[in-house]
Structure formats: C-alpha cells, structure tokens
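Participant: Each number in the numbering used here comes from the position in the sequence shown (counting from 1) with 7 added on.
Pasting a structure here, questions to come.
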Amino acid sequence: MNYKRILLALLFIPVFGFAQDEVLFFSYFKGNGEDGLHLAYSKDGYKWNTLKHDESFLTPAVGESKLMRDPCIIYGPDKLFHMVWTAGWTEKGIGYASSKDLINWSEQIYIPVMQQEETARNCWAPEIIYDDVEKQFMIFWSTTIPGRFQETDAIGDDGYNHRMYYVTTKDFETFSETKLFYDRGFNVIDGSILKLDNKYILFLKNETRWPEPEKNIRWASSANIEGPYSEASEPITGDYWAEGPTGIKNGDKYIVYFDKYLDKEMGAVESSDLKNWKDISDKLSFTGGVRHGTVFKVPGKIAAKIIKNYK
C-alpha cells in the first residue's frame, strides 16, 4: 500500500476552495518574538495545528533587539519562500530571509528602510507581496515620524502616529527609495494585501486610541498594487480590539483572520461581497500560542514533507 500517496490525498482534499496541490499555512510569533518563527497548518482554514510542538523554526539574528515579530511569508515565482518581520520595537529597519522548504533559511539580513528618517521611531508589521505586473516584490510596513502628520499626533498610544510606507525590489540586494504608501488622515498599522482578479484589497487596522478607541479592522482597494488606495471602509470587526489582519479568498467568500490581542485569542470574519461581514471566530480552532501572523499557501510536496517530519 502506498501510504505516501494516501497521505497526500488526505492533505489535499479541496474542501477549502484551493488547488489540490496547496496547503494553508500560518506564520506567527509567540511572546515578544524572541524565539523566532512558528508555523501552523490547516486542511480547511478553520482548524489549525501547530508544527514542531509549537517550537521555533528560525531564531532571529538581526537588528539591535533581535526579535522576530509579525512574520509574513509568501511563496514567490522563483520558488522561494520570502519572509519579512519586525526586528524590534524601536528599529529603523526590518528583517528578511528566504527558504526553499521553510526549514533551511538563508542568512538573515537587515533592511534599513527608514534609516534616512532621523526621528523615525519604529518599523512595525512589515508585509511582502509579489507584483506580477512589474515583476518585483513590494514590502510595506508602518512607521511613526513625530510631527510628520501633526493633525493626528495626539490620537495614538504613547505618541505613536503611524502611516504606511513601502519599498520595491527585484533581488533583495537593491531597493527603491522609501515612499509613503497609505495615508487617509488617521493612525494606521498592520496592512495586508489580498490580490484579486482586477484589484487589490488592503486590510488594515485603525490604530486610533483617543478620544475614543477604534482598534478595528477595515479595508481599502486599488486597481494598482502601489495604490493609491481608497478611503477605508467601516469596521469589519466587532466590539473588541483587533490587529494583524490577514486575508484569503475561499471560493466565493473572503475570510480575514486577526489577533484579538486583549482577549489573547484569534478571530475571523467572513464575507461574500466585502461589505457585509459575519464574525466566525467560534468556528476557529488554534492550538498553541498563536499570535499576529500571516496566512499563506504552500505547494503540496513541500507541505507534506514538513507535516510528516514536524507534525
């Protein structure tokens, strides 16, 4: 009996609207991000299982703080996994590494994306996406530059007043100059892009704290990956504080996962039209200490090997 073939068949039952040769993975961090990259997988998008007994797959090695928070991973057309992460609370750059199999990683590098801004306080929650029009990668994140957007300087926690910025690269050796990515007049963080057939959906967090807290997830859209993006929608999350949105298309529905960070649990909402959203948090099952991370698809052969060796 060919047990390997049976295992592959069980893994790739297309119950979640994806190709049979892909498996959903979730990259995340624990604690303060000091121990590095954690991974989970799912066959249906609702029940998630941690790998390697919820231990780290990669220890952070760059930046002054040497943390690995908010890890974002994509699988590129070069058949490499590309990962970016928050390297520390007060860094002017972000971490980057690549891998063929999610197990063995390249040397980590530090990308000083905000080094040119003398007063920049941070580079938080970087995300990466491939631009198949320009054949390049785009990396975007949130930074506070005191005094840059004075009208909202007083509405964030501890004086933070974020806007989103971005760079592009073809080879991760040379990068474009840093540009402003998203500013719609409010404190914004935790951007994540979902590419659809004819547009890009930017999920984001309204980070406003004062005079009344927002702390919710919204979305904006654009016909171009670099924008400009529209005004943000009304909140799609409920009466709780949410952060770290990451979205997927499931058949004719959209699912956005997020971190209910005060409740110390993961949540999700679902929609068929991007306008009417239903909270489906009660359908989720996450083992381990999953926090802010990114959902991504892994080719079947690679996924099967990881699950077999680290389940």
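Beta carbons are placed, not taken as given, at the ideal position from N, Cα and C, and that holds for glycine.
All values derive from a computational prediction rather than experimental measurement.
To the nearest angstrom, report how far apart E221 and V263 are at their CA atoms.
Facilitator: What you label residue 221 is simply residue 214 of the sequence shown in a count that begins at 1. What you label residue 263 is simply residue 256 of the sequence shown in a count that begins at 1. Rounded to whole angstroms, E221 to V263 spans 18 Å at the Cα level.
Participant: Could you name the residues of the same chain whose beta carbon sits closer than 6 Å to that of S228, not counting the 5 residues immediately before and after it, in chain order?
Facilitator: Taking the sequence shown and counting its residues from 1, the one referred to as residue 228 is at position 221. Contacts found: K206, I208, S237.
Participant: Given a cut-off of 9 Å on the beta-carbon distance, is the pair A104 and W96 in contact?
Facilitator: Taking the sequence shown and counting its residues from 1, one reaches residue 104 at position 97. Taking the sequence shown and counting its residues from 1, one reaches residue 96 at position 89. Against a cut-off of 9 Å, the Cβ pair of W96 and A104 comes out as no contact.
Participant: Alpha helix (DSSP H) containing I314: first to last residue?
Facilitator: Indexing the sequence shown from 1 puts residue 314 at position 307. Looking at the DSSP string, the run of the alpha helix (DSSP H) that includes I314 is 307-317.
Participant: Work out the CA separation of Q123 and G258 for me, nearest whole Å.
Facilitator: Taking the first residue of the sequence shown as 1, we reach residue 258 at position 251. Taking the first residue of the sequence shown as 1, we reach residue 123 at position 116. If you take the alpha carbons of G258 and Q123, they lie about 43 Å apart.
Participant: From V22 to D51, what distance separates their C-alpha atoms?
Facilitator: Here the question's residue 22 lines up with position 15 in the sequence shown. Here the question's residue 51 lines up with position 44 in the sequence shown. Low confidence applies here, because V22 scores a pLDDT of 39, under 50, leaving its location unreliable; read the following figure in that light. Straight-line spacing of the CA atoms in V22 and D51 works out to 6 Å.
Participant: For R298, name the three-state secondary structure that DSSP assigns.
Facilitator: Translated into positions along the sequence shown, residue 298 becomes position 291. Of the three classes helix, strand and coil, the one that applies to R298 here is coil, per DSSP.
Participant: So if DSSP puts Q143 in a beta bridge, which residue, or which two residues, is it bridged to?
Facilitator: Position 136 of the sequence shown holds residue 143. D138.
Participant: Note down the Cα distance separating G254 from S199, rounded to an integer number of angstroms.
Facilitator: Translated into positions along the sequence shown, residue 254 becomes position 247. Translated into positions along the sequence shown, residue 199 becomes position 192. Computed Cα separation, rounded: 8 Å.
Participant: Run the CB neighbour count on T294, radius 10 Å, all protein chains shown included, and call it buried at 16 or more, exposed below.
Facilitator: As a first step, residue 294 must be located in the sequence shown, where it is residue number 287. Per the 10 Å Cβ criterion, exposed.
Participant: Quick check: the Cα distance between F25 and M171, rounded to an integer number of angstroms?
Facilitator: As a first step, residue 25 is located in the sequence shown; it is residue number 18 there, counting from the start. As a first step, residue 171 is located in the sequence shown; it is residue number 164 there, counting from the start. Below a pLDDT of 50, predicted positions are generally treated as unreliable, and F25, at 42, falls in that range; no measurement from the model is reported.
Participant: Do E214 and F193 come within 9 Å of each other at the CB atom, strictly closer than that value?
Facilitator: The residue labelled residue 193 in the question sits at position 186 within the sequence shown. The residue labelled residue 214 in the question sits at position 207 within the sequence shown. Contact flag set, yes.
Participant: To the nearest angstrom, how far is the alpha carbon of P92 from that of R76?
Facilitator: As a first step, residue 92 is located in the sequence shown; it is residue number 85 there, counting from the start. As a first step, residue 76 is located in the sequence shown; it is residue number 69 there, counting from the start. One detail in the question is off: residue 92 reads as Trp in this sequence, not Pro. Rounded to the nearest angstrom, the two C-alpha atoms are 6 Å apart.
Participant: Which first and last residues belong to the beta strand (DSSP E) in which D77 is found?
Facilitator: As a working note, residue 77 is residue 70 in the sequence shown. Looking at the DSSP string, the run of the beta strand (DSSP E) that includes D77 is 76-82.
Participant: Ordered along the chain, which non-local residues of its own chain (more than five positions away) have a Cβ less than 6 Å from that of K358?
Facilitator: The structure shown has nothing for residue 358, since the chain only spans 8 to 318.
Participant: Pairing CB atoms from the segment 154-166 with CB atoms from the segment 132-140, are three or more of them under 8 Å?
Facilitator: With the cut-off at 8 Å, the segment 154-166 and the segment 132-140 do not touch.
Participant: My output table needs one value for K107: the three-state DSSP class, helix, strand or coil.
Facilitator: Within the sequence shown, residue 107 is the residue found at index 100, counting from 1. Looking at K107 - three-state DSSP - the assignment turns out to be coil, as it is neither helix nor strand.
Participant: Could you compute how far the alpha carbon of H169 sits from the alpha carbon of T150?
Facilitator: Your numbering for residue 169 matches position 162 in the sequence shown. Your numbering for residue 150 matches position 143 in the sequence shown. In this model, H169 and T150 are separated by some 5 Å (Cα to Cα).
Participant: When DSSP labels each residue in this structure, what does E124 get in the three-state scheme?
Facilitator: For the purposes of this step, residue 124 is taken as residue 117 along the sequence shown, with counting starting at 1. In the structure shown, E124 sits in coil (DSSP, three-state: anything other than H, G, I, E or B).
Participant: In the DSSP assignment, the beta strand (DSSP E) including N168 goes from what residue to what residue?
Facilitator: As a position in the sequence shown, residue 168 is number 161, starting the count at 1. Taken as a continuous stretch (DSSP letters only), N168 belongs to no beta strand (DSSP E), as it is neither H nor E.
Participant: Which one of Y167, G296, S288, E184 has the shortest CA to CA distance from N129?
Facilitator: By one-based count along the sequence shown, residue 129 stands at place 122. The candidate whose alpha carbon is nearest that of N129 is Y167.
Participant: Decide if P67 is buried, meaning its Cβ has at least 16 other Cβ atoms within 10 Å, or exposed.
Facilitator: Taking the first residue of the sequence shown as 1, we reach residue 67 at position 60. So P67 counts as buried.
Participant: Quick one: give me the first and last residue of the beta strand (DSSP E) that G274 is part of.
Facilitator: Indexing the sequence shown from 1 puts residue 274 at position 267. Here the beta strand (DSSP E) through G274 covers 272-278.
Participant: On the DSSP bridge assignment, give the partners of D286 in chain order.
Facilitator: Locating residue 286 in the sequence shown gives position 279, counting from the first residue. For D286, which the question treats as bridged, DSSP gives the partners V276.
Participant: To the nearest angstrom, how far is the alpha carbon of Y247 from that of L58?
Facilitator: Taking the sequence shown and counting its residues from 1, one reaches residue 247 at position 240. Taking the sequence shown and counting its residues from 1, one reaches residue 58 at position 51. Between Y247 and L58, the C-alpha separation is close to 29 Å.
Participant: Going by DSSP, name the residue or residues bridged to D266.
Facilitator: Counted from its first residue, the sequence shown places residue 266 at position 259. Note: D266 sits in a beta bridge opposite E250, M273.
Participant: Out of E134, D85, W226, point me to the one whose CA is closest to G300's CA.
Facilitator: As a first step, residue 300 is located in the sequence shown; it is residue number 293 there, counting from the start. With distances taken between Cα atoms, G300 lies closest to E134.
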